[in-house]
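Trainee:
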Amino acid sequence: MTWREAMSHALYGPEGFFRTGGATGSPAGAGGHFRTSANSSALFATAILRLVVAADEALGRPPRLDVMDVGAGAGQLLRRLSVLAPTVLARRLRLSAIEVAPRPHDLPEHIEWLDEAPAPGSVNGLILATEWLDNVPLNIAQVDHAGVLRYVLVDPDVGTETLGSVVTPEDAQWARTWWDTQEPGARVELGSSRDQAWASAVSRLGAGLAVMVDYGHLWFGRPRLGTLTGYQLGRSTAAVPDGAHDLTAHVAIDSACAAGEAIAGQPAALITQRQALTSLGLDGARPPLSLATEDPAGYVRALTLASQAAELVAPDGLGGHYWVVQPVNIDPTALPTGLGRPD
């Protein structure tokens, strides 16, 4: 079958990875197999809360402010936002998770759990998509020895691949626009399904911000052999679409960004996570050594937070993720410096 079909079954089917948590039975569910910004530190939620507050101000402090997390996992980010939000904001927040997995038994009742997104234009506030698009199923193609782009087919039981039919005109056009497909043997991760998914998410906003955070690459740095890989219990594995492994491929960020802009009718800011979190007050700087003498316990706490922030902004790690901050019917100049202007 095509990789898009195989990923759909393996990740989201009745016995799929995100419904069962993988065959190894990770006690943390699917999230126990990988580390993300949202579950690595509460500091990430602190930074997101600052963005929520900025959007709230830009929207004129509406009676209800939506925060919707697409691909919410176990709801870690929403739980932390709920705890961190000041009372004046918390009583107006409507927190909702979009997730195919069953609702966690310990999730606070006021956090809504949905298996599909609400109607277009119905969200006023923020839509968050943190490491979601890299799990959206996509087709993979390869240039054959004659220079023809063909779909890659995969055996879902063992992961072996063969070349199939010539790609459709629509996929061929996407490849010509967004990916260098000239060299025989080159693989193309056809991103139109991710573009459509992101555009659909943006369309749910009546007014506010859609924020995408993900692994990705831009037109000048597409990897010749692609990025598809598997994960299991925190380790990279072969990409086998058997339901026991996470399957992920980096996002063609510029293509997805353009799709969101077309829906919103406004330019987006495209920056790295390091730039975004620095704009939101996180920099990973170590506390002054003088604090160790003046307040040893305080120094240890500050050093711990600095270490967590450093992980989030490390350019060769989580800090290298891309952020797309897409405004919809909102003045981007009201956002923190660095987040409100297109790149």
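Everything in the sequence shown is counted per the numbering used here, starting at 42 for the first residue and increasing by one. Note that CB positions come from ideal geometry on N, CA and C, so glycine has one too.
#1: Going by the beta-carbon positions, is the gap between A293 and W219 smaller than 9 Å?
#2: Going by the CB atoms, is the gap between L148 and V108 shorter than 9 Å?
#3: With a CB to CB cut of under 6 Å and the five nearest residues on each side skipped, what residues in its chain are close to H186?
#4: Would you mind sorting L90 into buried or exposed? The rule is 16 or more other CB atoms within 10 Å of its CB.
#5: Would you mind reading off the limits of the alpha helix (DSSP H) that contains D147?
#6: Can you give me the start and stop residues for the alpha helix (DSSP H) that R60 sits inside?
#7: Thinking C-beta only, is D175 closer than 9 Å to G257?
#8: Three-state secondary structure (DSSP) at R121?
#9: Here's the rule: buried if 16 or more other CB atoms are within 10 angstroms of the residue's CB, otherwise exposed. What is E150?
#10: On the criterion of 16 or more Cβ atoms from any shown chain inside 10 Å, does F261 qualify as buried, or is it exposed?
#11: If you draw a straight line from the alpha carbon of V164 to that of H291, how long is it in whole angstroms?
#12: Can the beta-carbon of Q183 be found closer than 9 Å to that of V193?
#13: Looking at the strands, I want to know which residues DSSP matches up with S206.
#14: Grab the span of the beta strand (DSSP E) containing L278 for me, first residue to last.
#15: CA-CA distance, Y53 and F59?
#16: Counting along the chain, where does the alpha helix (DSSP H) carrying P320 start and finish?
Mentor: On the basis of the supplied data:
#1: Indexing the sequence shown from 1 puts residue 293 at position 252. Indexing the sequence shown from 1 puts residue 219 at position 178. Against a cut-off of 9 Å, the Cβ pair of W219 and A293 comes out as a contact.
#2: Position 67 of the sequence shown holds residue 108. Position 107 of the sequence shown holds residue 148. No, these two residues do not count as a Cβ contact at 9 Å.
#3: In the sequence shown, counting from the first residue as 1, residue 186 sits at position 145. Contacts found: P225.
#4: As a working mapping, residue 90 is identified with position 49 in the sequence shown. Under this definition L90 is a buried residue.
#5: To locate residue 147, count along the sequence shown from 1; it is residue 106. Unbroken run through D147: none, as it is neither H nor E.
#6: Residue numbering aside, residue 60 sits at position 19 when the sequence shown is read from its first letter. For R60, the uninterrupted alpha helix (DSSP H) run begins and ends at 58–61, by DSSP.
#7: Taking the sequence shown and counting its residues from 1, one reaches residue 257 at position 216. Taking the sequence shown and counting its residues from 1, one reaches residue 175 at position 134. Cβ atoms of G257 and D175: closer than 9 Å.
#8: Here residue 121 refers to the residue found at position 80 of the sequence shown. In the three-state scheme derived from DSSP, where H, G and I count as helix and E and B as strand, R121 is classed as helix.
#9: In the sequence shown, counting from the first residue as 1, residue 150 sits at position 109. Exposed, since its Cβ has fewer than 16 Cβ neighbours within 10 Å.
#10: Numbered from its first residue, the sequence shown carries residue 261 at position 220. Counting other Cβ atoms within 10 Å of its Cβ, F261 stays below 16 and is therefore classed as exposed.
#11: Taking the first residue of the sequence shown as 1, we reach residue 164 at position 123. Taking the first residue of the sequence shown as 1, we reach residue 291 at position 250. So the two alpha carbons sit approximately 27 Å from each other.
#12: By 1-based counting over the sequence shown, the position of residue 183 is 142. By 1-based counting over the sequence shown, the position of residue 193 is 152. Taking 9 Å as the Cβ cut-off, Q183 and V193 qualify as a contacting pair.
#13: Within the sequence shown, the letter at position 165 stands for residue 206. DSSP output for S206 lists no bridge partner at all.
#14: In the sequence shown, the residue the question calls residue 278 occupies position 237. Inspection of the sequence shows that residue 278 is occupied by Thr rather than by Leu. Start and end: 276–278.
#15: Here residue 53 refers to the residue found at position 12 when the sequence shown is read from its first residue. Here residue 59 refers to the residue found at position 18 when the sequence shown is read from its first residue. Approximately 6 Å, taken between the alpha carbons.
#16: Taking the sequence shown and counting its residues from 1, one reaches residue 320 at position 279. It should be noted that the sequence gives Ser, not Pro, for residue 320. Segment 314–320, the alpha helix (DSSP H) holding S320.
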